[in-house]
């Protein structure tokens, strides 16, 4: 799987990491779709499943160079660098865009997922009764998840660890949105907004020599939550990669048809024309979580009337499809260069 990468390839790999990180933060969008469409999904899964007993043995014995080569470290480090940068930059931009241009942002993502369905299914020829059943199961599960009611926020560290394991599913399983699952578990704001912002603020203070956060109990709580969530994510990432690597090796056609179904089902989550429903009490007042945010109860989806905003949204859907097709062209060029 390892190959010599040019400087241009390394820059593009970081950009792919940015794309995965941003996608993982948006409810309904899967970072795994970015990996699948951009042509590095199998290398990503292969590299993650190399984090095993042999890798830890190399690490414990101080053979750091061998460890780095064994786990395809250059590939993973560049990719994760992009993801980390994304969480503190691209994600903030996305938060702003979703707040101010929600319809158009969801339209782009909807178009990207439509394009992804085309990309993944166009070369899939192994259709039979087993793969058709897997497709239907994937669609039903995807749609079923999209219409579940979210739970309330829970900062119990064991539950946070579990959330970490589940949240990275979107990175390894295309069409399965880890961030949307966090909404359903009630911890999206806690884990992907508040705790990340707490870390950002802490870094900003450390750069200026300000260590006052040590006495800030709420900040320390958020950092502890983020640390446990991160550990859970790493455990989930490695665990899922081993499982998926085995499944792809032995049941590739069934797995891909199920993934196609998941992605089709996820269209219900990213349907652009929807309104967010927030939880209210008996008096009709919004119920807030411990950090003062409104608690999402669910979404209502509707068919839009034809007017300028609708035409603009359709234009952004087309833009999303074009983005995926452009990624497909680049992915083909990359595979030819490396292969």
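Residue numbers (the working numbering): 10 to 348. All C-beta atoms, glycine included, are put in the ideal place defined by N, C-alpha and C. The structure presented is a predicted model; accordingly, all values stated were derived computationally and were not measured.
Separation of residue 191 from residue 56, as counted between CA atoms = 26 Å
ask   = Residue range of the beta strand (DSSP E) that residue 287 falls in?
value = 283-287
key: C-alpha gap between residue 10 and residue 178, whole angstroms   = Summary for residue 10: the model assigns pLDDT 49, below 50, so the residue's position carries little reliability; its value from the coordinates is reported in the next sentence. Each residue's alpha carbon lies about 22 Å from the other.
Span of the alpha helix (DSSP H) around residue 111 = 111-131
task = Indicate the three-state DSSP secondary structure (helix, strand or coil) for residue 15 in the structure shown.
result = coil
message = Using CA atoms only, rank isn't needed, just tell me which of 121, 219, 294, 204 is closest to residue 328.
response = Between residue 328 and the set 121, 219, 294, 204, the nearest pair of CA atoms involves 121.
ask   = At a cut-off of 6 Å, is residue 234 close to the ligand GTP when judged by its beta-carbon and the heavy atoms of the ligand?
value = Within the structure as shown, the ligand GTP is missing, as the structure has no ligands at all.
Same chain, Cβ closer than 6 Å to residue 262, neighbours up to 5 away in sequence not counted = 135, 140
inquiry  = So residue 52 and residue 77 are supposed to be a Cβ contact under 8 Å. How far apart are they, rounded?
reply    = 16 Å between Cβ atoms; not a contact.
ask   = What is the rounded straight-line gap between the Cα of residue 62 and the Cα of residue 79?
value = Taking the straight line joining both Cα atoms gives about 12 Å.
message = Measuring only the C-alpha atoms, how far is residue 102 from residue 270?
response = 30 Å
task = Look at the alpha carbon of residue 157 and the alpha carbon of residue 310, and state the distance between them as a whole number of angstroms.
result = 14 Å
ask   = In whole angstroms, what is the alpha-carbon distance linking residue 50 and residue 229?
value = 36 Å
Environment of residue 226 [buried if 16+ CB atoms lie within 10 Å] = exposed
query = According to the neighbour-count rule (16 or more other Cβ atoms, all chains shown, within 10 Å of its Cβ), is residue 74 buried or exposed?
reply = exposed
request  = Pick helix, strand or coil for residue 211, following the three-state DSSP scheme.
outcome  = helix
request  = Look at the alpha carbon of residue 126 and the alpha carbon of residue 203, and state the distance between them as a whole number of angstroms.
outcome  = Approximately 33 Å between the Cα atoms of the pair.
ask   = Is the beta carbon of residue 322 sitting closer than 7 Å to the one on residue 155?
value = no
key: residue 199 to residue 137 span [Cα, whole Å]   = So the alpha carbons of these two residues sit roughly 43 Å apart.
task = For residue 156, name the three-state secondary structure that DSSP assigns.
result = coil
request  = Output yes or no for whether 7 Å exceeds the beta carbon distance between residue 97 and residue 197.
outcome  = Taking 7 Å as the cut-off, the Cβ atoms of residue 97 and residue 197 do not count as close.
ask   = What residue from 25, 64, 58 has the CA that sits closest to residue 47's CA?
value = 25
ask   = DSSP three-state call for residue 72: helix, strand or coil?
value = Coil, per DSSP.
message = Taking the alpha carbon of residue 172 as the reference point, which residue from 241, 110, 207 has its own alpha carbon closest?
response = Closest by alpha carbon: 241.
task = Ignore the nearest five residues each way along the sequence and tell me which others in residue 333's own chain have a CB closer than 7 Å to its CB.
result = Closer than 7 Å at the Cβ level, and outside the excluded window around residue 333, lie 46, 121, 124, 125, 128.
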